[in-house]
Amino acid sequence: MTRYPHEFSGGQRQRIGIARALVMEPKFVIADEPISALDVSIRAQVLNLLKELQEDKSLTYLFVAHDLSVVRFIADRIAVIHHGVIVELTETEELFRNPIHPYTKSLSSAVPVPDPQVERNKKLIIYNDDMHNYETSKPSFVEIRPGHFVWANEEEVAAYRAELATQ
0 MTRYPHEFSG
10 GQRQRIGIAR
20 ALVMEPKFVI
30 ADEPISALDV
40 SIRAQVLNLL
50 KELQEDKSLT
60 YLFVAHDLSV
70 VRFIADRIAV
80 IHHGVIVELT
90 ETEELFRNPI
100 HPYTKSLSSA
110 VPVPDPQVER
120 NKKLIIYNDD
130 MHNYETSKPS
140 FVEIRPGHFV
150 WANEEEVAAY
160 RAELATQ
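Everything in the sequence shown is counted per numbering that gives the first Met the number 0, starting at 0 for the first residue and increasing by one.
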């Protein structure tokens, strides 16, 4: 090789990084924002490569990202983290069908929709930490339905279960 690292494109550097990570044939890979600095066309290539490697090599990823549409593509299960605390954990499609924690709902509402009419009329949900009463009623990680966990106090758990019962 006669090129220096700075001479490679962002996508090439990312693929080199992936190759370096996989040369030891790990079963578990931590990918922290692996596509955040890439343009859209390169993102798709790198995501497809990661997905293909995941399936071919039976890899498990801890995939850290802020873009929920990317996470939806790559993940089987999602843990939503707010200020270092997992506030919701469930299978990917369950999270997108039934987000429970207000922070998750806020994140979901911010995902762009390809239909301009829907995007223009959608309502963004604003999250505020002060909405919880955690000083007097301590939260815990509760299984709200099979395989779907949420960080909540007893009052919130009752409200979340009532909300799910109406769906």
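The beta-carbon is built from N, C-alpha and C at its ideal position, and this holds for glycine as well.
Excluding the 5 residues flanking it on each side, Pro101 has same chain C-beta neighbours closer than 6 Å at Tyr126, in chain order. Around the CB of Pro98, 16 or more other CB atoms lie within 10 Å, so the residue is classed as buried.
Counting C-beta pairs closer than 8 Å gives three or more between the segment 43 to 59 and the segment 3 to 22, which meets the contact rule.
Between Ser40 and Val69, the alpha-carbon positions lie close to 13 Å from each other.
When C-alpha distances from Asp66 are compared across Ile77, Lys56 and Thr89, the shortest belongs to Ile77. Beta-bridge annotation (DSSP): Glu90 is paired with Arg76.
By the neighbour-count criterion, in which a residue is buried when 16 or more other Cβ atoms sit within 10 angstroms of its Cβ, Tyr159 is buried.
For Thr59, same chain residues with a beta-carbon under 7 Å away, outside a window of 5 residues either side, are Lys26 and Phe27 in chain order. With 16 or more neighbouring CB atoms inside 10 Å of its own CB, Pro33 falls in the buried class.
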